[in-house]
Amino acid sequence: MTDPISTDALETLAAKQAITEVIYGYCRALDRMDKDAAYAVWHSDGTADYGEDIYQGTGWGFVDWVWTAHAAMSTHSHQITNVLIQVNGARAVSEAYVTVALRTLPFGESADVADIYSRGRYVDQWSLRDGRWAIDHRNYITDHSVTLPNSDPAPHDPRSIRGPEDISVALFD
23 MTDPISTDAL ETLAAKQAIT EVIYGYCRAL DRMDKDAAYA VWHSDGTADY
73 GEDIYQGTGW GFVDWVWTAH AAMSTHSHQI TNVLIQVNGA RAVSEAYVTV
123 ALRTLPFGES ADVADIYSRG RYVDQWSLRD GRWAIDHRNY ITDHSVTLPN
173 SDPAPHDPRS IRGPEDISVA LFD
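Here it is, written out as structure tokens:
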């Protein structure tokens, strides 16, 4: 006979799952250009440090900043792996590896397109407030990044839409 799972263990598992879904939802919000969903990842007083050369400030301010950057891209995709979470009551910390692929819109005299690939980690501090897990502070650590010229980009699947018209939005809303 096995021992039943304790209430504390179930609460910890539920917290870890909720935090994991927020991390995944953040990437989906960026890729589908759902700004409200991206704001929801942060508590209103949350902060973000993506390094001196990228962004330091409020979490919502980062969303505003990245929206401008992503609007200048033709496509972008964020993938999360290796999510580690430690829960301590109504507080938690996490580290999630992220791989980002960005394609610029044509630029310059020759209308070049560039592909930007970056790998890094979201190192987050969380709290549970009013029944909702959200980020208090994020450090983004860039582990590797490269920009490659792409003068002959592959065709884009027209069903991949950065907005509410994307096929996945209807499935989840």
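Under the numbering used here, think of the first position of the sequence shown as 23, with each following residue one higher.
No residue lacks a Cβ here, since even glycine has one placed at the ideal position from N, Cα and C.
All values derive from a computational prediction rather than experimental measurement.
In this model, residue 125 and residue 57 are separated by some 20 Å (Cα to Cα). Pairing residue 143 with residue 121 gives a Cβ-Cβ distance that is not under 8 Å. Boundaries of the alpha helix (DSSP H) around residue 43: 29 to 53. DSSP places residue 106 within a strand segment (E or B) once states are collapsed to three. When rounded, the separation of the alpha-carbon atoms in residue 155 and residue 111 is 12 Å.
For residue 137, the CB contacts under 6 Å within the same chain, skipping 5 residues up- and downstream, are 125, 170, 172 in chain order.
In this structure the segment 44 to 55 touches the segment 96 to 105; the number of beta carbon pairs closer than 8 Å is three or more.
Counted as a single uninterrupted DSSP element, the beta strand (DSSP E) harbouring residue 150 occupies residues 135 to 151.
Taking 8 Å as the cut-off, the beta carbon of residue 73 is found no closer than this to the beta carbon of residue 81.
Secondary-structure assignment with DSSP links residue 167 through a beta bridge to 140. Here DSSP, grouped into helix, strand and coil, assigns residue 190 to helix. In this model, residue 70 and residue 139 are separated by some 21 Å (Cα to Cα). Check the Cα spacing between residue 34 and each of 128, 107, 147, 92: the tightest is with 107.
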